[in-house]
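**Q** The structure under discussion is supplied below as C-alpha cells; questions concerning it will follow.
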Amino acid sequence: DVSTTIVLSEAEKQMLEDRGVNGLITIPLIREIKRPTEAPFARRHGALFIGGYPHTPNIDAVKWLVDDIWPAVRKLTKERGLASVPLHIYGSRMPDSFRNFAAEDIHVHGFAPDLREIYNSVRLSVAPLRFGAGLKGKLATSFIYGVPVVGTDIAFEGVNNATLLEGSSSPDKVDMIAAHIVETHFMQEKWQRIRAASIDHANDQYSTGGVTKRIIKALEG
Numbered sequence: 002d003v004s005t006t007i008v009l010s011e012a013e014k015q016m017l018e019d020r021g022v023n024g025l026i027t028i029p030l031i032r033e034i035k036r037p038t039e040a041p042f043a044r045r046h047g048a049l050f051i052g053g054y055p056h057t058p059n060i061d062a063v064k065w066l067v068d069d070i071w072p073a074v075r076k077l078t079k080e081r082g083l084a085s086v087p088l089h090i091y092g093s094r095m096p097d098s099f100r101n102f103a104a105e106d107i108h109v110h111g112f113a114p115d116l117r118e119i120y121n122s123v124r125l126s127v128a129p130l131r132f133g134a135g136l137k138g139k140l141a142t143s144f145i146y147g148v149p150v151v152g153t154d155i156a157f158e159g160v161n162n163a164t165l166l167e168g169s170s171s172p173d174k175v176d177m178i179a180a181h182i183v184e185t186h187f188m189q190e191k192w193q194r195i196r197a198a199s200i201d202h203a204n205d206q207y208s209t210g211g212v213t214k215r216i217i218k219a220l221e222g
C-alpha cells in the first residue's frame with residue numbers, strides 16, 4: 002500500500018483531499034536558485050513571454066496575447082497618456098506563423114540563448130494561459146530572476162502568495178489583465194514590491210534548501 006502521495010502544489014493537494022484522498026504532502030518545483038537580475042526599474046522596459054511551442058497552451062497564449070490582450074494594453078496606455086509597452090516573444094521551436102505577429106510594439110525573437118540577459122531587460126513577464134494544470138515553470142523562472150508576472154489564475158495555479166496573486170486575473174477579464182500589465186510596467190513602487198515578493202517566494206518554495214526541509218518533514222512524518 003502507498004502511505005504518502007507527493008503533489009506539486011497546495012491547489013492539487015486540496016483538490017484531492019476534497020475527494021477523500023489522504024496522506025498527501027506538497028513538494029513544489031525544485032530549481033537552481035540563481036542570483037536575481039540586477040538592473041533597476043529605470044533601466045528596464047517592456048514585457049516578456051517565453052515558452053516552448055510543442056506545448057499547445059503556449060501557442061494559444063501567444064495568439065490570445067497578440068490578438069486580444071495587447072490591443073487592450075495599447076488602448077489603455079493611450080487613454081492614460083503613457084508610452085507604448087513593447088512585448089518580446091521568445092521560445093524554442095516557434096511556429097513560423099508567429100513572425101506575422103511582429104509589429105512596432107511586438108518583437109518576435111525565437112529561441113533565447115541567455116535567459117538572464119532577457120529577464121534583466123524587462124519589467125515584467127506575462128503568462129496568459131487559458132488552459133493547463135499545476136505549477137508553471139515560466140512563473141518559477143520569472144520569480145527566481147526577480148521579475149513580476151502578470152497572467153491568468155490558471156497560470157498562477159498553485160501559487161499561494163497574496164502579493165504575487167495581485168497580477169492574476171480570470172481568463173475572461175482581458176481589460177483587467179491589460180490593467181495589471183500597464184500598472185506593473187509603469188508603477189515603480191508596485192513593481193519593487195512584487196519583485197521582492199517574487200524573490201522571497203522563489204527562495205522559500207523552489208530552492209534546494211527550502212524543498213529539503215519539506216522532504217525531511219515528510220520522511221519524519
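Those letters in the sequence shown? Residues 2 to 222, by the numbering used here. For each residue, glycine too, the CB sits at the ideal point set by N, CA and C.
Using C-beta distances below 7 Å, list every residue in its chain close to ARG194, excluding the 5 sequence neighbours before and after it, in chain order.
**A** If we look at ARG194 and ignore the five residues flanking it on each side, its Cβ neighbours are THR164.
**Q** Check for me: the alpha helix (DSSP H) holding HIS186 runs from which residue to which?
**A** Its alpha helix (DSSP H) spans residues 175-187.
**Q** Have a look at SER98, ASP154 and ASN162 and flag the residue whose alpha-carbon is nearest the alpha-carbon of VAL175.
**A** VAL175 has its Cα closest to that of ASP154, out of SER98, ASP154 and ASN162.
**Q** Among LYS218, GLY147, LEU30 and ALA156, which has the Cα closest to the Cα of GLU39?
**A** Considering only alpha carbons, the answer is GLY147.
**Q** What's the C-alpha gap between SER143 and GLY92?
**A** Taking the straight line from one Cα to the other gives about 14 Å.
**Q** Taking 9 Å as the threshold (C-beta atoms), are ARG117 and TRP192 in contact?
**A** Going by C-beta atoms, TRP192 is not nearer than 9 Å to ARG117.
**Q** What first and last residue would you give for the alpha helix (DSSP H) that runs through GLY144?
**A** Here the sequence assigns Phe to residue 144, which means Gly is not the residue at that position. Segment 138-145, the alpha helix (DSSP H) holding PHE144.
**Q** Can you tell me whether SER85 is helix, strand or coil according to DSSP?
**A** Coil, per DSSP.
**Q** Does the segment 73-89 come close enough to the segment 57-65 to have 3 or more Cβ pairs within less than 8 Å?
**A** Not touching, per the Cβ criterion.
**Q** From what residue to what residue does the alpha helix (DSSP H) around LEU77 run?
**A** Per DSSP, LEU77 belongs to the alpha helix (DSSP H) from 71-80.
**Q** Can you grab the Cα-Cα spacing for the pair PRO87 / ARG215, in whole Å?
**A** Looking at the two C-alpha atoms, the distance is approximately 40 Å.
**Q** Output needed for ALA156: all residues of its chain with C-beta closer than 6 Å, excluding positions within five of it in sequence on either side, in chain order.
**A** Closer than 6 Å at Cβ, skipping near neighbours: ALA128, LEU130 and LYS137.
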